[in-house]
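Peer 1:
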Amino acid sequence: MARSLLTLRDISREDLFAIFERARIFKDKIRRQERVDVLRNKIVGLVFEKPSTRTRTSFEVATLRLGGGTVYLPATELQLTRGESIKDTARILGSYLDALVARVYAHQTAEELALYSGIPVINGLSDLAHPTQAVCDLITILEIKGGFDGLTLAYIGDGNNTCHSLLLGCALVGMNMNAACPDEYNPDSDVLEEALLIAAATGSRLNVLQDPIEAARGADVLYTDVWVSMGEEEEEETKFKVFRGYQINADLLKVAAKSAAVMHCLPAHRGLEITDDVLEGPQSVVWQQGENKMYGAAGILDFMLR
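Numbering-wise (the working numbering), the sequence shown opens with residue 184 and increments by one.
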């Protein structure tokens, strides 16, 4: 079984900073249009059960920019739709490809792909975790703030896969994090426990709160995600009621640090989890964050394959 990146629990603090450094180098080289062939003769498969704009494009382009090739494998066009098991599919794909990027509904699917394929599997999103998103988020914070020590990220919204990965990521780099979530949508307790163990070693402080204002007070980064994730559409009406008040807007921005950066993993529903004026405002680094998905993908691919 090859080493995979299914959650940020799969890598160490040193590994994460090595990925940051790879991403920085590739960003510099790609922007200068320098040839990079670190993935020459490598083929990456993208198994996607869910639609994607940024994750699919960033990993496809990153692979091509690094000299490799990709095969896009939407789940609707695989024999999985006719009852073939994940483990049988994984074994075959593992014999053809050098790595897989998997965007799936159930985290167990990503785990089975990793168990049976024999090649590195990178989780491009599951119901439990979104580690590649957290990597590009941390790269962006490193760029704009110069480091992580003493910083606090305030996450406002659903304690979902993105929140889980940010908790682990902040713990690994030693950054503080406040997660403000409605009580019934708190982060998974096992993920939080693991993050707290890591934080105890790195010195970061992690808090789960209910009050967005308390979470955002003095924060250096304000972060949010959609209230309704893919596959939760039947909960939309309920969630819209519960999450009122969990919005990043001008009033919430006022209680954060004056130099606070605003982040969103996109796609954004303007007027719900974030207001248009803040998303488009001078403190928003959302577009830099989005671009960094490609460089984060490049760093991850290079690290996992080499």
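Glycine included, C-beta positions come from ideal geometry on N, C-alpha and C.
So, is residue 478 buried or exposed, given that buried needs 16 or more other C-beta atoms within 10 angstroms?
Peer 2: buried
Peer 1: So within the segment 368–422, which uninterrupted beta strand (DSSP E) runs reach at least 3 residues, ignoring any that extend past its ends?
Peer 2: 389–392 and 404–407
Peer 1: Would you list the residues sitting across from residue 286 in a DSSP beta bridge?
Peer 2: In the DSSP output, where bridge partners are listed per residue, residue 286 has 231 and 308.
Peer 1: To the nearest angstrom, report how far apart residue 344 and residue 247 are at their CA atoms.
Peer 2: 28 Å
Peer 1: What residue does the alpha helix (DSSP H) around residue 245 start on, and which one ends it?
Peer 2: 237–248
Peer 1: Quick check on residue 303 - is its C-beta less than 8 Å from some C-beta in chain B?
Peer 2: Absent from the structure: chain B. Only one protein chain is present.
Peer 1: By how many angstroms is the C-alpha of residue 441 removed from the C-alpha of residue 282?
Peer 2: Their Cα atoms are separated by approximately 43 Å.
Peer 1: In whole angstroms, what separates the C-alpha of residue 566 from that of residue 315?
Peer 2: Residue 566 lies beyond the residue range present for the chain, which begins at 184 and ends at 489; the question has no answer from this structure.
Peer 1: Would you identify the three-state DSSP class for residue 257, choosing helix, strand or coil?
Peer 2: Strand at residue 257.
Peer 1: Classify residue 294: buried if its beta carbon has 16 or more other beta carbons within 10 angstroms, exposed otherwise.
Peer 2: buried
Peer 1: Would you identify the three-state DSSP class for residue 447, choosing helix, strand or coil?
Peer 2: strand
Peer 1: Distance check for residue 202 and residue 414, CA to CA, integer angstroms please.
Peer 2: 30 Å
Peer 1: For residue 346, which residues in the same chain have their Cβ closer than 6 Å to its Cβ, ignoring the five residues on either side in sequence?
Peer 2: In the same chain as residue 346, and ignoring 5 residues on each side of it, the C-beta atoms closer than 6 Å to its own belong to 338, 362 and 370, in chain order.
Peer 1: With distance defined between alpha-carbon atoms, name the residue in 488, 474, 426 and 486 nearest to residue 241.
Peer 2: 474
Peer 1: Reducing DSSP to helix, strand and coil, say where residue 482 ends up.
Peer 2: helix
Peer 1: How about residue 324 and residue 188: are their beta carbons less than 8 Å apart?
Peer 2: no
Peer 1: Per DSSP, residue 337 is paired with what?
Peer 2: 361 and 405
Peer 1: Got a sec, what are the start and stop residues for the alpha helix (DSSP H) residue 281 sits in?
Peer 2: Counting along the chain, residue 281 sits inside no alpha helix (DSSP H), nor does DSSP assign it H or E at all.
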